[in-house]
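Novice: Mind having a look at this structure? Questions to follow.
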Ligand code: TMP
């Protein structure tokens, strides 16, 4: 069989050409990185968990009319997605102060935000994904004014959906990052939620205990990352109820 064409390899995923034009196969690696890849590890099972969790969230979003790039999961580590042109922005929504906003503004971690705060970072690893304003985005032509209105609406709808899904299983959605892609349909372009939504790209705190169930477990050496992600998957019904903390996940189809 011919080898698939690799389009791009990032820190957590590899993209291959899809079976049909306009499609891409997204492969989830077990690699975990933090602080712009200064810290790296291989966490067995992470790729399969993120593949399944991202499928779960993207399918839910598609179901409520929030367009995403997700088409279908192919196997344990791969999903088929629509090819899109990624807008070079990390779109962050914060409900509770954590991470960089705390150091930047001197806010204590855990302080609720008066309302969801949306931030934009310019996607450039060499620069460390710097925070930018809508002025920069417009002036440098990364997105139009109309795009920015659509991106804000998408980000807030994702926040509402994800907050509700998490609250239902006793988890607080503290913050998250999404990426937005452009897809072309004839003469029109549409913006869709792309990349992934997983505990790699969210902060998730257990409401009762405050336990962190996201990549901060790895960033801050707080324990076993696969255990934390397994807990999220199990609560959402993505893993069988009685399954033991895993190194090799047993995933429900
Ligand atoms: P921050 O507090 O470090 O700015 O992160 C905000 C959110 O974005 C948090 O949920 C983690 C996520 N994130 C990523 O998905 N990728 C990144 O490279 C960084 C820095 C944060």
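Residue numbers (our numbering): -13 to 239. Even glycine gets a Cβ: it sits at the ideal position worked out from N, Cα and C.
1. Enumerate in chain order the residues of its own chain whose CB-to-CB distance from residue 175 is below 8 Å, with the five nearest sequence positions on each side excluded.
2. Please report the distance separating the alpha-carbon of residue 57 from that of residue 127.
3. Give the straight-line distance between the Cα atoms of residue 231 and residue 221, rounded to the nearest whole angstrom.
4. How is the alpha helix (DSSP H) around residue 121 delimited, first residue to last?
5. Is there at least one non-hydrogen atom of the ligand TMP closer than 7 Å to the beta-carbon of residue 163?
6. Would you tell me roughly how many angstroms separate the C-alpha atoms of residue 112 and residue 61, rounded to the nearest one?
7. Under the three-state reduction of DSSP, which class applies to residue 148: helix, strand or coil?
8. I'd like to know whether the C-beta atoms of residue 86 and residue 184 end up nearer to each other than 8 Å.
9. Given residue 54, which residues of its chain have a CB within under 6 Å of its CB, disregarding the five upstream and five downstream residues?
10. On the DSSP bridge list, what partners appear for residue 177?
11. Report the residue ranges of all beta strand (DSSP E) runs contained in full by the region 39 to 101; include only those spanning at least 3 residues, in chain order.
12. I'd like to confirm something about residue 168: is its beta-carbon nearer than 7 Å to some heavy atom of the ligand TMP, or not?
13. Give the straight-line distance between the Cα atoms of residue 83 and residue 2, rounded to the nearest whole angstrom.
14. When the distance is taken between beta carbons, is residue 211 closer than 8 Å to residue 23?
15. Anyone know if the C-beta pair for residue 65 and residue 37 falls short of 8 Å?
Specialist: According to the structure data:
1. Only 168, 169 meet the Cβ criterion.
2. 29 Å
3. With a pLDDT of 48 at residue 231, under the threshold of 50, the modelled position of this residue cannot be trusted; read the value that follows with caution. Between residue 231 and residue 221, the C-alpha separation is close to 13 Å.
4. 120 to 125
5. Distances from the CB of residue 163 to the heavy atoms of the ligand TMP include at least one below 7 Å.
6. Put simply, the backbone Cα of residue 112 is about 33 Å away from that of residue 61.
7. helix
8. no
9. 44, 47, 48, 178, 179
10. 168
11. 56 to 59, 64 to 68, 75 to 82
12. no
13. Approximately 36 Å, taken between the alpha carbons.
14. no
15. yes
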